[in-house]
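Enquirer:
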Amino acid sequence: MENEWNLTNIPPRGHVDVADFAFQLFEIARIEKERLGKPNDFLNNYALYRGQSSRQVTAKKGGPQQKKNLTPVNLYFANVERTVSTITARNPTGEVVDLDGIGDDAENVLSMQLKKWWKDTDQLLKTRTTARTMEVYGLTSEKPFWDKLKDRPDIMITDPFTFFPAPGNWDDISEEAPYIAYAYLGFVSKIEAEFEVTGIAKDEAYDLLGSVREDFKPPAYGGQKQTVGNYADPMTVVRPGEGGVAKAIERCLIIEVWLRDDRTNTSTIEKPLIDEVTQQPLLDDAGAQKIEIISTTEKICPDGIRKITITKAKNPTHKDKSGYMVLDDSANPNINPALPMEQASATFPWGRLPVYHANSYKDLVSIWGFAASEQVGDLIVKINLIFSKLIAYVINVMTPPLVVQQHCGITREMIESSITKAGRLILMPTTPNALIKFLEIPSLPSTFFQVLDLIVKFFDRIYQIEDADRGKSPSRIVAASAIVALQERNQIVMQTKTSAIDNIAENRARWAIGLYQNFGTQVDSVNVGGQPTEFRGTNYAGRRFGYVVEAGSTTPRTSLQIQDLAFKLAEGKFIGQRGLLEALNWPNWKEEIERTAESQLDQALQILIDAGLPEDGAIKLKQMLMEPQGGPGDTKKPPATEGKAPAAPGV
223 MENEWNLTNI PPRGHVDVAD FAFQLFEIAR IEKERLGKPN DFLNNYALYR GQSSRQVTAK
283 KGGPQQKKNL TPVNLYFANV ERTVSTITAR NPTGEVVDLD GIGDDAENVL SMQLKKWWKD
343 TDQLLKTRTT ARTMEVYGLT SEKPFWDKLK DRPDIMITDP FTFFPAPGNW DDISEEAPYI
403 AYAYLGFVSK IEAEFEVTGI AKDEAYDLLG SVREDFKPPA YGGQKQTVGN YADPMTVVRP
463 GEGGVAKAIE RCLIIEVWLR DDRTNTSTIE KPLIDEVTQQ PLLDDAGAQK IEIISTTEKI
523 CPDGIRKITI TKAKNPTHKD KSGYMVLDDS ANPNINPALP MEQASATFPW GRLPVYHANS
583 YKDLVSIWGF AASEQVGDLI VKINLIFSKL IAYVINVMTP PLVVQQHCGI TREMIESSIT
643 KAGRLILMPT TPNALIKFLE IPSLPSTFFQ VLDLIVKFFD RIYQIEDADR GKSPSRIVAA
703 SAIVALQERN QIVMQTKTSA IDNIAENRAR WAIGLYQNFG TQVDSVNVGG QPTEFRGTNY
763 AGRRFGYVVE AGSTTPRTSL QIQDLAFKLA EGKFIGQRGL LEALNWPNWK EEIERTAESQ
823 LDQALQILID AGLPEDGAIK LKQMLMEPQG GPGDTKKPPA TEGKAPAAPG V
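Be aware that the sequence shown starts at 223, since it is given in the numbering used here, and climbs by one per residue.
#1: What separation, rounded to the nearest whole angstrom, lies between the Cα atoms of E254 and E596?
#2: Expressed to the nearest angstrom, what Euclidean distance is found between the alpha-carbon atoms of E498 and R766?
#3: Comparing alpha-carbon positions, which option in D322, K337, D381 lies nearest T351?
#4: Could you work out which residue in I516, L495, R482 is closest to T488 when comparing CA atoms only?
#5: Here's the rule: buried if 16 or more other CB atoms are within 10 angstroms of the residue's CB, otherwise exposed. What is P366?
#6: Please identify the residue among L258, V745, V410, L475 whose C-alpha is closest to the C-alpha of P387.
#7: Name the DSSP bridge partner or partners of K611?
#8: Determine the extent of the beta strand (DSSP E) in which N267 is found, giving its start and end residues.
#9: Within its chain, find whatever has a CB closer than 7 Å to the CB of G465; leave out the 5 residues flanking it on each side and keep chain order.
#10: According to DSSP, simplified to helix, strand and coil, what is I557?
#11: Rounded to whole angstroms, what's the CA-CA distance from I471 to I637? Just pull it up for me.
#12: Please classify Q274: is it buried, with 16 or more other beta-carbons within 10 angstroms of its beta-carbon, or exposed?
#13: Quick one: what's got a C-beta closer than 8 Å to P623's C-beta in the same chain, skipping five residues either side?
#14: Need the endpoints of the beta strand (DSSP E) that W733 sits in, please.
#15: Kindly indicate which three-state DSSP category Q446 falls into: helix, strand or coil?
#16: Among residues of its own chain, excluding the 5 on either side of S552, which ones have a beta-carbon nearer than 7 Å to its beta-carbon?
#17: Rounded to whole angstroms, what's the CA-CA distance from R312 to Q345? Just pull it up for me.
#18: Assess, as a yes-or-no matter, whether the region 324 to 331 is touched by the region 745 to 755 under the definition of 3 or more beta carbon pairs within less than 8 Å.
#19: Quick one: complete beta strand (DSSP E) runs, 3+ long, within the region 362 to 441?
#20: Below 7 Å CB to CB, which residues in the same chain sit around T519 once its five sequence neighbours on both sides are set aside?
#21: Rounded to whole angstroms, what's the CA-CA distance from Y379 to A353? Just pull it up for me.
#22: Taking C-beta to C-beta, are V577 and I422 nearer than 7 Å?
#23: Do the region 752 to 761 and the region 302 to 319 meet, that is, are 3 or more Cβ pairs less than 8 Å apart?
#24: Between the Cα of N296 and the Cα atoms of K790, A792, V603, M356, which residue gives the shortest distance?
#25: Using alpha carbons as the reference points, say which of K842, G742, T310 lies closest to L371.
#26: Run through DSSP, which three-state label would N487 get?
#27: Name the DSSP bridge partner or partners of I515?
#28: Taking all protein chains shown into account, do 16 or more other C-beta atoms lie within 10 angstroms of the C-beta of M620, making it buried, or fewer, making it exposed?
#29: Keeping to the same chain, check which residues put their C-beta closer than 7 Å to that of V626; ignore five residues upstream and five downstream.
#30: Compare the beta carbon distance of R732 and Y769 with 7 Å and say whether it is the shorter of the two.
#31: Here's a check: name, in chain order, each residue in its chain whose Cβ is nearer than 8 Å to the Cβ of I663, leaving out the five neighbours to either side.
#32: Rounded to the nearest angstrom, what separates N740 and R730 at their Cα positions?
As structure tokens, then:
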């Protein structure tokens with residue numbers, strides 16, 4: 223490959239060096255990722271989450287092991303699941319913002335379309351998956367794309383092993399990073415058919431993509447050779463069989479490199495000069511027609527984003543190169559080339575790499591962030607170690623060592639046979655007064671449980687967990703409002719995680735709007751204010767929209783929090799009696815509303831009687847108004863009646 227190629231001088235499409243250049247960018251990102259030790263961190267974090275501990279020393283498949291027999295008390299797993307449930311309890315509450323200020327209600331139409339899209343594509347399930355990935359590995363990244371088969375936007379949650387960003391620390395990686403790369407597996411036959419090529423080499427990329435996790439197996443439950451509890455060594459590796467892979471299911475490694483390509487192409491055209499008055503060609507002194515040369519410069523990739531897809535070739539044509547071949551080399555596929563430039567440039571995907579990410583905990587020097595396991599992993603090891611010692615102690619107390627005098631006529635085989643056959647121990651020594659006794663097991667030290675309790679408290683303190691968050695009433699706290707206050711304080715502590723999920727939701731929505739604007743040519747119907755409204759995404763091309771998620775809208779609200787809010791709203795006259803009683807879940811609240819309404823009705827009728835309404839008419843009016851279908855506490859819709867209701871007597 224030529225040495226002059228770099229990020230500002232990229233080989234053009236069709237050049238022999240394109241595949242090598244793309245692979246070189248991928249290798250730079252991969253080496254940097256390994257230099258930071260991220261693959262090993264990911265394996266450790268995943269192992270701790272799964273509660274397994276014996277892990278191969280090397281990343282090679284079937285490598286040597288380090289094992290310790292410990293009993294897992296996987297508090298880390300419980301906390302990860304608790305955190306995921308807390309920050310993804312509800313769908314986010316958000317709305318589209320019209321950045322153009324036209325005021326044609328387009329933002330409401332798009333808001334309803336996004337709610338429909340969120341439900342149809344089950345984005346809540348994906349949110350929980352991405353939150354779990356974030357908590358386990360410290361980072362989650364997502365790749366937006368247009369699903370051509372279903373004709374709608376969609377989101378792919380990328381495994382941290384398959385994501386290779388350019389070296390650097392980026393606040394907004396989609397706009398700041400020079401390139402990113404994705405690596406994934408595909409079936410050779412399918413990829414060859416899709417890209418109309420042949421000669422793709424098979425490659426499982428076992429180590430690269432962290433596929434070793436598929437072979438991690440927990441030990442048999444209750445087995446004597448369990449290997450659990452050591453944070454430094456994740457899991458057990460089961461060596462695969464020696465069977466070959468059928469050609470029909472051979473897989474290959476696909477590498478996508480998305481990079482910024484600002485190269486331009488200058489074209490010139492010759493145009494004869496025409497006299498504006500006579501509309502005749504202008505001639506020079508020699509009688510030749512005057513010519514105007516017009517130069518036009520255009521970007522080769524309209525928005526400066528280029529995607530190169532490569533894979534390893536079975537028989538490379540150039541032995542001195544990387545051995546990779548180009549499957550696809552195109553401008554940004556998230557931009558519709560059929561749209562006018564001024565419209566396409568206003569959409570969100572314009573000039574952006576298809577990626578956004580969130581961290582469980584931010585790292586000041588790296589985009590990878592880190593997971594809580596890096597802070598509490600050692601404590602988990604100590605908890606498991608103490609707990610395993612406790613289990614071993616209890617087992618020894620229940621079956622203490624048996625001391626039998628030597629040469630008394632009782633052998634080990636006789637003892638084992640007696641227990642196996644009869645289920646109880648009956649010994650008949652041949653030596654009179656032979657010494658036979660159980661060895662006394664010393665008592666546990668008084669500080670044993672104190673140390674265990676102290677370590678668990680430190681674990682909770684570091685993980686920032688309150689008793690109320692575990693569903694346990696804190697000591698000396700009995701008031702519901704105080705417990706709610708503790709839960710709300712923990713919500714504040716978890717605000718960074720909640721904000722990360724809010725940011726994920728905002729980016730999903732912005733990408734979905736932009737992809738609809740580019741490719742949404744099909745007509746859909748959405749309900750806006752109770753009225754069916756036509757929606758076609760490309761009708762909004764050229765418009766600028768944003769999307770804002772209500773902070774913390776994905777987190778749950780307890781019944782106590784809802785009741786407290788209902789009191790405040792009722793005091794401000796924002797909700798009525800019925801809304802307050804429903805929020806309080808008041809017993810027989812419908813009857814209570816009926817009684818209150820009846821008292822108010824009597825007062826109103828008395829005013830009418832004083833004004834001259836006959837008492838008989840007032841009684842009949844009250845009877846009519848107190849019908850069940852008309853009562854203010856009735857939550858059901860009254861049956862439809864034909865014609866008009868009769869006028870009240872005497873009115």
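Beta carbons are placed, not taken as given, at the ideal position from N, Cα and C, and that holds for glycine.
Expert: Reading it off the structure:
#1: 20 Å
#2: 41 Å
#3: D381
#4: I516
#5: buried
#6: L258
#7: DSSP lists no partner for K611.
#8: Where N267 is concerned, there is no enclosing beta strand (DSSP E), although the alpha helix (DSSP H) it sits in stretches over 260 to 272.
#9: Confidence at G465 is low in this model, with a pLDDT of 47, below 50, so its placement is unreliable and no value can be given for it.
#10: coil
#11: 56 Å
#12: buried
#13: F660, L661
#14: Premise fails: W733 lies in the alpha helix (DSSP H), 717 to 741, not in any beta strand (DSSP E).
#15: The predicted position of Q446 is uncertain, since its pLDDT is 43 and thus under 50; a value taken from the coordinates is nonetheless stated next. Q446 falls in the coil class under three-state DSSP.
#16: K529
#17: 11 Å
#18: yes
#19: 374 to 380, 385 to 387, 401 to 409
#20: T486, T488
#21: Per the sequence presented here, residue 379 reads as Ile, with Tyr not at that position. Distance between the alpha carbons of I379 and A353 is about 10 Å.
#22: no
#23: no
#24: V603
#25: G742
#26: strand
#27: E492
#28: exposed
#29: I632, I658
#30: yes
#31: Y615, N618, V619, P622
#32: 15 Å
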